Each structure stands twice: as C-alpha cells, then as structure tokens.
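In the working numbering, the protein residues as written are 1093 to 1585.
Glycine residues also receive a C-beta, built at the ideal position from the N, C-alpha and C atoms.
Nothing here was measured: the structure is a model prediction, and the numbers come from that model.
Structure record follows, encoded as structure tokens.
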Amino acid sequence: MTRFRYLALALVLIAGATAWGILITHCDYNYDEVLRAHSVWLTSQGLQPYHDFFECHPPYFALLTPFVRDQADSVASLMTLRLVAVAGNLLFLAGLATLARINGVGGWPVAVLGTALVAFHPAILEYLGESRIDGWGYALATWSIVWLLRSQRTWRYAALGVGTGIATLLFCPKLALLPPMIFLIEQIRRRSVLRIALRDFAMYAIGAAAAGGLFGCWLAANGINLNLTFACVARYNSLYNFHSGFGRGLLHQIMAMPTLSLPVLAALLTWAVHCFRAKTLPAAYPLALALWLLTQALMVSYPYKQYYGPWFLFASGFFPFLYSTLESLARRTMFAVFFGLCGLSISLSAVSAHNWVQSHQLKNEEGFLRTLNEITNPEDYIVTVPPLHPIDRRDTFYLFFNTYDPAGHETEETLDEIPLLRHHVSEQRYREELKAHPPVLVILWPDSYPRRQKAVLGQFLQENGYVKAMLEAVPVAVRPDRLDRFSSRHAEK
C-alpha cells in the first residue's frame, strides 16, 4: 500500500506541475510583474531606485538586471523573470514540506501532500506562477529555519539571524516577526541557564547584525540611499497599510476562501489539541508560526494574493496534525482519505489547466507591449501605467504608477506625508518633468493617474496639441511631431 501512496503522490505533483506550467505560459502578466520588470530594466540602465524613480518594493532589482539587460526583446524578459521566480518558489515549497516533516507527524508522504494541496489550489498557484522574487526570500528563510531545527551547533542561532535577516531586508519584509518569535519561544522552552541564554541571544544578535551589515553594503555597492530606502519601502508601506480602506483585508480574504481556510482552521485546532494532550509547551516553530499567522491576519489590510498566498502556504505546515487526528479516528479509511485527497488535487489541477490553456491574454498583452515599442524609440519618454507599460522605455514622471484603495487613498497622498518624497508629487515638479521630458505617447487612463498628476498632465496635453487616437482599443495621446510615425505604424497593424 505504501507503494501506491507514493504513486498517487507522484501523480499529484505531475498534475500540479503541468497546471503550473500552463499558467506560466498562458495567463496575462500581473500589474506588479510589469512594474517590477520595468524597475529592473531602469536599474540596469544605471538609474537608482527610490532616487531616480519611485518604488515601494525592497531593493533587490540589481540582482535581476542580468536577466533583462542583454535581451533583444524586452517583452521576453517578463517570461524570463517568471522562470526565475519559479525556481525560488520550488525551493520555498521544498522548505515548507521539510518543515512540515520535521514538526509534524505522518512521514514524508503526508508532509508533501499537505504542501501540494495548498500550492496547487488555483488561487495559490496564480501567486506562485507570477514573477515575484519573494519566493527566493521565503526559501532562504525556510531553509534557515530547517538548519536551526536540525543542527545542534552553537552558532545555529547566528545562521538563523543571517538567513532570515537577509530574507526580510532584501526580499520579503512580511517575515520580520517570525524569526524572533521562533528564537524567543525556543529559549523559553529550553529554560537554559542565564549564561547559555545570553550566549544564544548574542549569537542571534550577531547574525541579525551581520544581515543588516550585508544589506548596508549591498545598498552602498549599488549607490542606493539608506534613508530613501526606508522612506519608500518601510515608511510608505506602513502608511499605506494604516490608511487602507480595506480594513482587515487579509483576514476577510482568508475567510472568503473556505476551501482553504476551513481545512487550515481544522488543522490548527487539531495541533492545539495535540499540544494540550502532550501537556508540554509546543515546539518553537509551530507555535511561532501560529502566532505569526494570527498577527498577519489581524494586522495586514491588503487582500492581495502576495499576502494570502504565503499565508496559506505557511499554514500548510499544520496539515500533518489534521491528518494524524483523522487517522486515529478512522484508521481503516485513511488510505481512502489519502487517495481521495490526491484525486481532489489532481482534479483541481486538471480543471485549472483546461481553463488556463484556453486563455490568450498573455499573447495579447505581449503583442500590445511590442506595439508600444515599435511606435516609440529607445530614447523616448512616455506616460503610462502598468500593466500596459513598455519594459524598456523611460518615464516622464518619477511617480510612474499609482495605487489606491476603496477609501480613495492614492500614492500621492501617502507621499505627501513623507518629507523626503513629497516634493516629487507637487504640481510644480510635474510641470518641470513634462517640460524636461515631454512624452511621445500617453495612455489615456484617467482613473489610473493620481489626481494632481492627472490635472497637470491634462493641461499639458491640451496646451501642446497632443492628438488623441486609439491603439488597439486603448485610448492614447500622441505628440504632434510623432503623429505621422504613429499613423504609419498603426496602419501596418
């Protein structure tokens, strides 16, 4: 029977990987994917993030410049970056399955199945299929935790501090609370004498400080200002989260996905019962993970996939406890349950693959981006917003994208609250940017631009005789001296 379990599990992985591959090659590029690819390209041209163009993601862009710098077709870099992200996500998933095996019960088949059931859910697979560099950070963090749990070396806490510190600072700040929670709970569980506790704390502090030092060296090597990094990443995101009109957006989104949230809740409850029956303090990682999941659900206002995706994936680590409880209640039927879960996962993957393979959105989007490249020159400046944004064209404005929520709060309003950045979103600055680099093309999506920028841009277009036209059903404004080229190239289409 064990052989059949491994066979069923192999089929789950094959079906899920197939659906994943189809998603990658057929589904359209997300807003963030185009935004980040453009930021990577700008960095490859020698521009400094946060100083020369606005970004609110951590400063990992220079790591990815080799993948976009020498590509003749800039649009192809979007797929390249997806594949880079997939490699990181595979390491992340392997780390999660390993942690589930170390801290759970039921052996490798149950640990891998629990991870796969969540990862291959269509909503989570959409997150894993996008070019989000977060996966590399999560992979570094999970394998640092694996090392901590498996090693008995004195310096393992230093390794935890370095690995998770770099992951948090350079890739995914959402991890900030989890590593110190693991360390503190581990110290409470061990009840070490003061001398050993101080030694462990010193080791962890040295590791975290080393991560901070390496991060500072990375910023200095790439000419990135530390104060601007803090303002654009930490300060901006904290203010935006505070002003968000979503309320407890992450919690609401989690509860709106019952096919994932109910099994996770059941798994957490069975883990709690398991700990109660053992009459001992829970192991450090599961307890820290449970507290971190709760904190994230209550504090994060964003309901987006880059938040609920990792949340559910980390929560899959409790699946072995649920499986163990079900097995103890109905031992004779557990093989049927195991194979039933495998069949469910395979069926979901098949349905998802069938739906995604019929999608032509990616080809349509790539075609539009290539059209934008054909009607503009490499040295031209433009005004548009992701996802309909060329990867290798420069922006007239420092603020080249806008995010807003149901409360109507926009990027402009958030930057107004940050002294280092507010001058970038003044009407005077917008006029100076338009005068210095008049765009050859403007995508006319009024609701996508912040209010002051939209007002100044509209006045500029009117005063300078820009001509309105349609480009593949998208309204645009063309600079008068480029109208002939636009018309001839557009006519060829």
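Please state whether DSSP places residue i in a helix, a strand or coil.
{"i": "P1542", "result": "coil"}
{"i": "A1583", "result": "Because A1583 carries a pLDDT of 48, less than 50, the predicted location of this residue cannot be relied on, and no value is offered for it."}
{"i": "K1560", "result": "strand"}
{"i": "R1571", "result": "coil"}
{"i": "G1229", "result": "helix"}
{"i": "E1509", "result": "coil"}
{"i": "E1458", "result": "helix"}
{"i": "E1222", "result": "coil"}
{"i": "Y1296", "result": "helix"}
{"i": "Y1123", "result": "helix"}
{"i": "Y1415", "result": "helix"}
{"i": "Y1328", "result": "helix"}
{"i": "Y1377", "result": "helix"}
{"i": "Y1249", "result": "helix"}
{"i": "Y1396", "result": "coil"}
{"i": "Y1152", "result": "coil"}
{"i": "W1112", "result": "helix"}
{"i": "G1196", "result": "coil"}
{"i": "L1103", "result": "helix"}
Can you give me the C-alpha to C-alpha distance between residue i and residue j, rounded to a whole angstrom?
{"i": "S1131", "j": "V1443", "result": "35 angstroms"}
{"i": "L1354", "j": "L1342", "result": "15 angstroms"}
{"i": "V1167", "j": "Y1142", "result": "24 angstroms"}
{"i": "L1173", "j": "I1510", "result": "31 angstroms"}
{"i": "Y1296", "j": "G1253", "result": "5 angstroms"}
{"i": "Y1598", "j": "G1198", "result": "Outside the shown range of the chain (1093 to 1585) lies residue 1598, about which nothing can therefore be said."}
{"i": "L1175", "j": "T1157", "result": "14 angstroms"}
{"i": "T1463", "j": "A1107", "result": "36 angstroms"}
{"i": "A1559", "j": "Y1396", "result": "First, the residue type needs correcting, since residue 1559 is Val and not Ala in the sequence shown. Near 37 angstroms, if we compare the C-alpha coordinates of Y1396 and V1559."}
{"i": "A1583", "j": "Q1450", "result": "Model confidence at A1583 stands at a pLDDT of 48, short of 50, so the residue's coordinates are unreliable; what they give is reported in the following sentence. Going from the Cα of A1583 to the Cα of Q1450 covers about 29 angstroms."}
{"i": "T1465", "j": "D1573", "result": "A quick correction: the sequence has Asn, not Thr, at residue 1465. N1465 and D1573: Cα-Cα distance of roughly 17 angstroms."}
{"i": "Y1597", "j": "E1505", "result": "The first residue shown for the chain is 1093 and the last is 1585, placing residue 1597 beyond what the model contains."}
{"i": "A1303", "j": "T1094", "result": "44 angstroms"}
{"i": "D1531", "j": "V1517", "result": "Position check: residue 1531 holds Pro in this sequence, whereas Asp was assumed. If I take the Cα positions, the gap works out to 18 angstroms."}
{"i": "F1338", "j": "R1281", "result": "38 angstroms"}
{"i": "T1117", "j": "H1446", "result": "13 angstroms"}
{"i": "L1385", "j": "N1556", "result": "53 angstroms"}
For the candidate residues the options, whose alpha-carbon lies nearest to that of residue i?
{"i": "T1260", "options": "R1245, A1300, G1500", "result": "A1300"}
{"i": "F1145", "options": "F1489, Q1244, T1110, A1382", "result": "F1489"}
{"i": "V1202", "options": "K1546, A1251, P1542, F1430", "result": "F1430"}
{"i": "T1468", "options": "A1569, Y1098, V1204", "result": "A1569"}
Is residue i near residue j, with beta carbons less than 9 angstroms apart?
{"i": "D1165", "j": "N1456", "result": "no"}
{"i": "S1420", "j": "F1212", "result": "no"}
{"i": "A1407", "j": "L1360", "result": "yes"}
{"i": "A1215", "j": "Y1377", "result": "no"}
{"i": "F1413", "j": "W1363", "result": "yes"}
{"i": "G1229", "j": "L1262", "result": "yes"}
{"i": "H1129", "j": "V1178", "result": "Sequence inspection shows Ala at residue 1129; the His mentioned does not correspond to that position. No, the Cβ-Cβ distance between A1129 and V1178 is not below 9 angstroms."}
State the beta-bridge partners of residue i as determined by DSSP.
{"i": "F1145", "result": "P1141"}
{"i": "R1486", "result": "Y1473"}
{"i": "L1343", "result": "Beta-bridge pairing links L1343 to no other residue."}
{"i": "L1533", "result": "I1474, V1570"}
{"i": "L1496", "result": "Leu is not the amino acid found at residue 1496; the sequence shown has Tyr there. For Y1496, which the question treats as bridged, DSSP gives the partners E1502."}
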